[in-house]
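Inspection log for the structure reproduced underneath, given as structure tokens.
Number of protein chains: 2
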Amino acid sequence: MITISDIAAQLGVSKSTVSKALNNATDISASMRKRVLETAAEMGYIGRRISGAQKKLCILIENMDYETPNQFGHDIVQGFRQMAEADGWIIEVVPLDMEFQRLTPYGVFMLDHSYQAAFVLGFSLLDPWMQEFKSTQIPTVLYDNYIKNNPYIASVGCDNQEGIELAVKHLTELGHSKIGLISGPLDSYILKARYHAYLSALEKYGLEINEDYIGLGYFVAESTRTYIPKLLDNGVTAILFSHDVRAFSAMTECSDRGIQIPRDLSIIGFDDLPMTAYTTPPLTTIRQDRIGLGRCGYFATGCLLNSLPIGSILLRAPLIVRDSTGPAPRE
Amino acid sequence: MITISDIAAQLGVSKSTVSKALNNATDISASMRKRVLETAAEMGYIGRRISGAQKKLCILIENMDYETPNQFGHDIVQGFRQMAEADGWIIEVVPLDMEFQRLTPYGVFMLDHSYQAAFVLGFSLLDPWMQEFKSTQIPTVLYDNYIKNNPYIASVGCDNQEGIELAVKHLTELGHSKIGLISGPLDSYILKARYHAYLSALEKYGLEINEDYIGLGYFVAESTRTYIPKLLDNGVTAILFSHDVRAFSAMTECSDRGIQIPRDLSIIGFDDLPMTAYTTPPLTTIRQDRIGLGRCGYFATGCLLNSLPIGSILLRAPLIVRDSTGPAPRE
Chain A
1 MITISDIAAQ LGVSKSTVSK ALNNATDISA SMRKRVLETA AEMGYIGRRI SGAQKKLCIL
61 IENMDYETPN QFGHDIVQGF RQMAEADGWI IEVVPLDMEF QRLTPYGVFM LDHSYQAAFV
121 LGFSLLDPWM QEFKSTQIPT VLYDNYIKNN PYIASVGCDN QEGIELAVKH LTELGHSKIG
181 LISGPLDSYI LKARYHAYLS ALEKYGLEIN EDYIGLGYFV AESTRTYIPK LLDNGVTAIL
241 FSHDVRAFSA MTECSDRGIQ IPRDLSIIGF DDLPMTAYTT PPLTTIRQDR IGLGRCGYFA
301 TGCLLNSLPI GSILLRAPLI VRDSTGPAPR E
Chain B
332 MITISDIAAQ LGVSKSTVSK ALNNATDISA SMRKRVLETA AEMGYIGRRI SGAQKKLCIL
392 IENMDYETPN QFGHDIVQGF RQMAEADGWI IEVVPLDMEF QRLTPYGVFM LDHSYQAAFV
452 LGFSLLDPWM QEFKSTQIPT VLYDNYIKNN PYIASVGCDN QEGIELAVKH LTELGHSKIG
512 LISGPLDSYI LKARYHAYLS ALEKYGLEIN EDYIGLGYFV AESTRTYIPK LLDNGVTAIL
572 FSHDVRAFSA MTECSDRGIQ IPRDLSIIGF DDLPMTAYTT PPLTTIRQDR IGLGRCGYFA
632 TGCLLNSLPI GSILLRAPLI VRDSTGPAPR E
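This is the structure in structure tokens:
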């Protein structure tokens, strides 16, 4: 366990200087404080809560909307907050981007704000801090990401495999045999997982795997516009979407083109956002229980803070059948 | 939701008869009570806690010792108990066998004792209630077993894959290339998982997969006696065991035969039982945090009781390196 003395010795400064820097005292220069925090973080120093100080956790969000109840991240934050605040924690929600991560190491950021642990939402594999998570000793819970072999990191998410298998089973029972996928690019852990779950579900049900049934693209509207006609031309009669918002976009696109859902095309989303029940037609989708994900995130955080090495918590991902799926059209 | 009226209608008896049967009243015959419980269980009736009645959970144990601190199940039960009792639950530990399961359906047993949920330890794939778990609506948490697609069932366990990969990595770093496995038979979910984890770890490290390096047998001492000499004859220099107790047995066998551990043979256990630190030599093993498993079991139970569909919780399974592993002997 790294102590304040170790940091002082490494820097050749007094213990009181290190202590002042870590406690954000006013009588120390900004440059010395920065040196101390960086050295402390590099050495793996974990801030212990000073008695009387606030118990603080942060929720780090990149690339995910969460401010209003209709947005994906909202209920995850709420679920986490409800349980954590009941236990006396102060929760700070911190939206950030890649640039910020490039400028400030994760360890320095956490020490600087005296956060005891973090719950991390929306990171892609390209986020710079993902590299630091491999070796951090700060209790860190990742939603929809996974880091091997680091007992200070836990993961929470939904069972994509089970959810997507249920979706493919539902479509095969409706007579579909050419099932497509429209997804964001595979630079995220979870989109890779859903992509592989899609392939293995097709294989399980003996359906054709064909790259002409798959469309991957970053921009939602643009990739919908490109891939809906392409997949239909290739004989696809049902499409899985990696997110509900992509399925919503497909509804607009189909409406513009006179394609009727589900008569001409069945579609299935992923997430079960609040508005899925009110689209025209209401969307069949795979549910992520987001309040539950937040609660599990907090449970995992508590485990890590108590040295109980949770690796992963997966929620079921049930298929919610509404009206956007129907019998396959006759040839 | 099935009600008392539904059960009464199904049986053609009065609601008060059903209510008496479910509440174990004295003025009803044993045979009528049995009929009511069986019908209620078949219809999927879930006993709601009568106000003022005790809040009861059970831990069902088959084929696992738990009475003393040295036994595998002890700390799992303790971890569960500590958290559950703090929340006001009464916990009853119920050892049972296959014969009992054959005579009494799970649903009837749970209704009969007014248990709200169960934590299930040590079941093999052959246990009759495993079939019932596929469709039960009673919140049920399985240690080291997994049931697909039933939102009333959750699983807790350790990440076998990660643990066994760490073990194989450790052995390859010590120069071992012929690594064996001695395990119980593959009629259990978890032994299957460990067996496949062993195969995939060998593949990952480019090591030879050879059925002559593997010994599967039910009886511990007998299979040790058979397989230790056989594997050594086949050139194996290190053996993974599916449980610490099998590794203990191997130590005795090796001692009898003048085989020195780790000079002649490296061995690795699984579980990290308390006595692993005190064997001669102290055993390198893959740790299962059993207090933590019990705690996670209770967390999952609470989630299911609140309709939060946890699928699985996996703990890390770190490799604890002691003295039973060493450099591979020279040819």
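Line order of the protein sequences matches chains A and B.
Here the first sequence stands for residues 1 to 331, numbered as in our numbering.
Here the second sequence stands for residues 332 to 662, numbered as in our numbering.
All residues carry an ideal CB built from backbone N, CA and C; glycine is no exception.
Problem set entry | Alpha-carbon spacing of A/V77 relative to A/M64, whole angstroms | So the two alpha carbons sit approximately 11 Å from each other.
Exercise. Closest Cβ-Cβ distance between B/L645 and chain A: below 8 Å?
Worked result: Taking 8 Å as the threshold, the shortest C-beta distance from B/L645 to chain A falls below it.
For this session: Can you check the segment 524 to 558 of chain B for any beta strand (DSSP E) of at least 3 residues that lies completely inside it and give the ranges in chain order?
Result: Secondary structure remark: continuous beta strand (DSSP E) runs of at least 3 residues inside the segment 524 to 558 of chain B, in chain order: 545 to 547.
For this session: Identify every residue that forms a DSSP beta bridge with B/K346.
Result: BP columns for B/K346 are empty, so no partner.
Exercise. Between B/T632 and the rest of its own chain, which residues show a CB-CB distance below 7 Å, the 5 nearest in sequence each way excluded?
Worked result: Around B/T632: L388, A448, F450, P470 and V472.
For this session: Just mark A/K134 as buried or exposed, buried being the case when its beta carbon has 16 or more other beta carbons within 10 Å.
Result: Classification for A/K134: exposed.
Exercise. Below 8 Å between beta carbons: does that hold for B/S573 and B/G515?
Worked result: Cβ distance < 8 Å, so B/S573 and B/G515 count as in contact.
Exercise. In chain B, what lies closer than 8 Å to A/F123 by C-beta?
Worked result: Chain-ordered listing is empty here: chain B has no CB closer than 8 Å to the CB of A/F123, the nearest sitting near 20 Å.
Exercise. Among B/R653, B/F550 and B/I622, which has the Cα closest to the Cα of A/P309?
Worked result: Put simply, of B/R653, B/F550 and B/I622 the residue whose alpha carbon is nearest the alpha carbon of A/P309 is B/I622.
Problem set entry | Unbroken beta strand (DSSP E) run spanning A/F123, endpoints | Careful: A/F123 lies outside any beta strand (DSSP E) and carries neither H nor E.
Problem set entry | Cβ neighbours of A/V36 in the same chain (closer than 6 Å, five flanking residues each side left out) | Within the same chain, V18 and A21 come within 6 Å of A/V36 by CB-CB distance, once the 5 residues on both sides are set aside.
Problem set entry | Beta-carbon proximity of B/S486 to B/G625, cut-off 8 Å | Contact flag unset, no.
For this session: Rank A/D112, A/N145 and A/A25 by C-alpha distance to the C-alpha of A/L126 and give the top, closest one.
Result: The residue with the shortest Cα to Cα distance from A/L126 is A/N145.
For this session: From the DSSP output, in three-state form, read off A/L319 for me.
Result: A/L319: strand per DSSP, three-state reduction.
Problem set entry | Identity of the residues DSSP links to B/R618 by a beta bridge | B/D602.
For this session: Can you tell me which of the three DSSP states A/I230 falls into?
Result: The identity of residue 230 of chain A in the sequence shown is Lys, whereas the question assumes Ile. A/K230 sits in a helix when the DSSP states are folded into three classes.
Exercise. Which value, in whole angstroms, describes the spacing of the CA atoms of B/L614 and B/I513?
Worked result: Distance between the alpha carbons of B/L614 and B/I513: 15 Å.
For this session: Go through its chain and collect everything with a Cβ distance to B/G419's Cβ below 7 Å, but skip five positions before and after it.
Result: Closer than 7 Å at the Cβ level, and outside the excluded window around B/G419, lie K386.
Problem set entry | Own chain partners of A/A25 with C-beta closer than 7 Å, once the 5 adjacent residues on each side are dropped | Within the same chain, no Cβ atom closer than 7 Å to the Cβ of A/A25 is found once the five residues on either side in sequence are excluded.
Problem set entry | CB-CB length for B/G494 against B/A648, believed under 8 Å | So it is a contact: roughly 3 Å between Cβ atoms.
For this session: Alpha carbon to alpha carbon, how far is A/W129 from A/D97? Give it in angstroms, no decimals.
Result: Going by the C-alpha atoms only, they are around 10 Å apart.
Exercise. Beta strand (DSSP E) containing A/K169: first to last residue?
Worked result: Looking at the DSSP string, A/K169 is not in any beta strand (DSSP E); the run it does join, the alpha helix (DSSP H), is N160 to E173.
For this session: Quick one: which unbroken alpha helix (DSSP H) runs of 4-plus residues sit fully inside the segment 424 to 482 of chain B? Chain order, please.
Result: Every alpha helix (DSSP H) stretch that sits fully inside the segment 424 to 482 of chain B and reaches 4 residues is listed by chain position as 429 to 434, 437 to 444 and 460 to 464.
Exercise. Where B/F652 and B/L502 are concerned, what is the direct C-alpha to C-alpha distance, given to the nearest angstrom?
Worked result: The sequence as given places Val at residue 652 of chain B; Phe does not occur at that position. Taking the Cα positions, B/V652 is about 11 Å away from B/L502.
For this session: Could you pull out every residue in the same chain whose Cβ sits closer than 7 Å to the Cβ of B/E584, ignoring the five residues on either side in sequence?
Result: Within the same chain, Cβ atoms closer than 7 Å to the Cβ of B/E584 are found at T555, R556 and I559, the five residues on either side in sequence being excluded.
Exercise. Around the Cβ of B/P400, are there at least 16 other Cβ atoms within 10 angstroms (buried) or fewer (exposed)?
Worked result: Counting every other CB atom within 10 Å of its CB across the protein chains shown gives B/P400 a total below 16, marking it as exposed.
Problem set entry | Reference B/N481, options B/I590, B/M582 and B/S638, closest by Cα | It is B/S638 whose Cα lies nearest to the Cα of B/N481.
Exercise. Is B/L639 helix, strand or coil when you go by DSSP?
Worked result: For B/L639, the three-state secondary structure derived from DSSP is coil.
Exercise. What's the call for A/Y218, buried or exposed, on a 16-neighbour Cβ count within 10 Å?
Worked result: Counting Cβ neighbours within 10 Å, A/Y218 comes out exposed, since fewer than 16 surround it.
For this session: State yes or no: is the C-beta of B/I598 within less than 8 Å of the C-beta of B/S655?
Result: Between B/I598 and B/S655, the C-beta spacing is below 8 Å.
Exercise. So is A/N149 in contact with chain B if we call contact Cβ pairs under 8 Å?
Worked result: By the rule that beta-carbons nearer than 8 Å mark a contact, A/N149 touches chain B.
For this session: Find out if the Cβ-Cβ distance for the pair A/Y205, A/K178 is shorter than 8 Å.
Result: In this structure, the beta-carbon distance from A/Y205 to A/K178 does not fall below 8 Å.
Problem set entry | Contact list for B/E493 against chain A, beta-carbon separation under 8 Å | The contacting residues are K148, N149 and G311.
Exercise. Does any CB atom of chain B fall closer than 8 Å to the CB of A/D159?
Worked result: Yes, contact with chain B.
Problem set entry | Nearest-angstrom Cβ-Cβ length linking B/L442 and B/A371, presumed shorter than 8 Å | A Cβ-Cβ distance of about 6 Å is found for the pair B/L442 and B/A371, placing them in contact under the 8 Å criterion.
Exercise. With a cut-off of 8 Å, does the C-beta of B/D564 fall near any C-beta of chain A?
Worked result: So, not an interface residue.
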